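S.K.:
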Amino acid sequence: MRKTRLLAAAMACGISLSLLSAPALAQEKTGVKAGFVMPAGGTRIVLMRPSVRVGAQSTGGLFEPNADWTAQARENLDAAIRKAQGQLGHQVTPYEDGTGAADSLSNQYRGLFTSLADSVREFQFFPGNRLPTKKRKDSFEWTIGPEAKNLPGLENADYVLFITTEDHYGSAGRKALQIFAALGGVGITSGVHLGYAGLVDVRTGELVWLNADQQMGGDVRTTEGAEKRVSQLLEGFPGSTIRSASAQ
Amino acid sequence: MKPITLIIAAALAAAPAYAGNSLIPAGRTVQVAKSAMAVTPGSEWNKLGRRPGTNGEIWTLDGDKLNRVTFYGGIAQDTTLFREVDRKNSPLPRFSQTMLLTDVPKLLENSYRVALGSALFTIDQMEPARFGGVDGIRFTYSFVAGNQEVQSKGEARAAIVKGRLYMISYEAPALHFFEKNVAQFRQIADSATF
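One line per chain: the protein sequences are L and C, in this order.
Here the working numbering is used: the first residue of the first sequence is 1, the next is one more, and so on.
Here the working numbering is used: the first residue of the second sequence is 1001, the next is one more, and so on.
#1: Closer than 7 Å between beta carbons: that is the criterion. Which residues of the stretch 1153 to 1173 of chain C meet it against chain L?
#2: Alpha carbon to alpha carbon, how far is residue 1129/C from residue 67/L? Give it in angstroms, no decimals.
#3: Give the straight-line distance between the Cα atoms of residue 1032/C and residue 1165/C, rounded to the nearest whole angstrom.
#4: What residues from chain C crowd round residue 110/L, counting only those whose CB sits closer than 8 Å?
#5: Consider the Cβ of residue 1063/C: report whether some Cβ of chain L lies at a distance smaller than 8 Å.
#6: For the pair the stretch 1071 to 1090 of chain C and the stretch 1045 to 1054 of chain C, tell me if three or more CB-CB distances fall below 8 Å.
#7: If you draw a straight line from the alpha carbon of residue 226/L to that of residue 167/L, how long is it in whole angstroms?
#8: Going by CA-CA distance only, name the one from 1177/C, 1162/C, 1143/C and 1024/C that's closest to residue 1096/C.
#9: Is there at least one non-hydrogen atom of the ligand NAP closer than 7 Å to the beta-carbon of residue 233/L?
#10: Does any C-beta atom of chain L lie closer than 8 Å to the C-beta of residue 1107/C?
#11: Which runs of the beta strand (DSSP E) fall wholly inside the stretch 1091 to 1152 of chain C and span at least 3 residues, in chain order?
#12: Look at the alpha carbon of residue 23/L and the alpha carbon of residue 1043/C, and state the distance between them as a whole number of angstroms.
#13: Are there 16 or more other CB atoms within 10 angstroms of the CB of residue 202/L, so buried, or fewer, so exposed?
#14: Please give me, in chain order, every unbroken run of the beta strand (DSSP E) with length at least 3 that falls completely inside the stretch 1011 to 1085 of chain C.
#15: Quick one: what does DSSP say residue 36/L is sitting in, helix, strand or coil?
#16: Just the Cα atoms here: how many angstroms apart are residue 1080/C and residue 1120/C?
#17: If I measure Cβ to Cβ from residue 1073/C and keep anything under 8 Å in the same chain, skipping five residues before and after, which residues do I get?
#18: Could you check what DSSP says for residue 158/L in three-state terms: helix, strand or coil?
#19: Could you tell me the alpha carbon to alpha carbon distance between residue 208/L and residue 145/L, rounded to whole angstroms?
#20: What do you get for residue 1155/C, buried or exposed, if any count of 16 or more other CB atoms within 10 angstroms of its CB means buried?
#21: For residue 116/L and residue 123/L, what's the separation of their Cα atoms in angstroms?
#22: Identify whether residue 1191/C lies in helix, strand or coil by the three-state DSSP scheme.
#23: Would residue 1134/C be called buried (16 or more neighbouring beta carbons within 10 Å of its own) or exposed?
#24: Distance, Cα to Cα, residue 1158/C vs residue 113/L?
#25: With a cut-off of 8 Å on the beta carbons, I'd call residue 165/L and residue 105/L a contact; round off their distance for me.
#26: Given a cut-off of 8 Å on the beta-carbon distance, is the pair residue 1172/C and residue 1067/C in contact?
#27: Any C-beta of chain L within less than 7 Å: which residues of the stretch 1019 to 1037 of chain C qualify?
#28: Going by DSSP, name the residue or residues bridged to residue 174/L.
#29: Below 8 Å between beta carbons: does that hold for residue 129/L and residue 44/L?
#30: State yes or no: is the beta carbon of residue 116/L nearer than 8 Å to at least one beta carbon in chain C?
Structure below.
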């Protein structure tokens, strides 16, 4: 009897959650700063080394990093980006990481970009969750700060392109929980496949274009999957000729 | 934990709290964190719909990973600063009325080490400072959250009033964001009353 009541409660809980969250979860995936137009020809873009994390998702949903998967994914993504680079339609140069303080600073900016993109995804791309002070302006105003132009290596650049991927592959336990939960009417996701690609104006630090999604396609641990991920990350890149991942 | 309970707990944990961010207007005195603490911000802020705990409240301008003011409104004896993450395996430290003001930075540090998986946390400075009209403490700190690469800085004011801990903290990435809004935080902290 008690188990029946608990199951009924779980089902009610699941249904309520899905109903409550449905409108707010209408997620946007791309943002462009109002009035931004990529200058034609001769634009110099520096590509930062992508921030890549790959691991497993435990039954309880915790991230468990996997160094081998991360190394494999980095190799695959680097190759896929090199392949796609020529289609971006601009002069793209990989950022040359320095040593010591300069390397530390570029790592900090990679981290700052990820935090910025997290905020855009949470507070801009979910219209139901916008911040009142930003909602009123109804615009896309995000920045990593004008100090970014002081990062060594960006002296001759017009824009800097940041890429972040983070994949949590659902463990067997997590997948089993997902199936069991679905039987009870509760929606639980298995796996996180987050990807951000963002273009920043070096002179102002303003984010002028962002693609962001928490459930991207492509298994980054494989060559083909990494290529699919990169095409999805760079889909709609201003001035590019990259085909959309969905069209492939 | 029984499987059915686990499902409900996991579903609730996974359900994003996407409603209820509200505007805090400039110049109006507001009570915060469901407590006796009140502040009068000199500029507009956004109050997040989600709370860090029963006696907590978060304000931000660009998202709480970019600038975050946290109000701790009267943390009582034997309670935590914010909601437990994994009470069974990694319980959060609890506030005790026997603590001195100089123990408060360590309480925050130890709470962050558990909740954020923050191995890198440093108390940079602490000094006596009036807070809400009573004797309190001001301290600064630096940390890197376990799942992030970015170095953040923090500044806080705290006081213990009638056996309860009141605190306001400000945290932001060291690059650009901390300096951008720290003056607005200090103005809020200066305006606090109990």
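Every residue, glycine too, gets a C-beta built ideally from N, C-alpha and C.
All figures in this text were calculated on a predicted structure; none of them were measured in a lab.
M.R.: Reading from the atomic positions:
#1: 1173
#2: 46 Å
#3: 14 Å
#4: 1149
#5: yes
#6: yes
#7: 12 Å
#8: 1162/C
#9: With respect to small molecules bound, the structure shown includes none, and the ligand NAP cannot be examined in it.
#10: no
#11: 1120 to 1131 and 1134 to 1144
#12: Caution applies to residue 23/L, whose pLDDT of 37 falls short of 50 and renders its modelled position unreliable; the model cannot decide the point.
#13: buried
#14: 1022 to 1024, 1045 to 1047, 1056 to 1060 and 1068 to 1075
#15: coil
#16: 21 Å
#17: 1032, 1033, 1034, 1035, 1036, 1037, 1055, 1056, 1057 and 1166
#18: coil
#19: 13 Å
#20: buried
#21: 10 Å
#22: coil
#23: exposed
#24: 31 Å
#25: That belief does not hold up - the Cβ atoms of residue 165/L and residue 105/L are roughly 22 Å apart, past 8 Å.
#26: yes
#27: 1019, 1021, 1022 and 1023
#28: None; residue 174/L has no bridge partner.
#29: no
#30: yes
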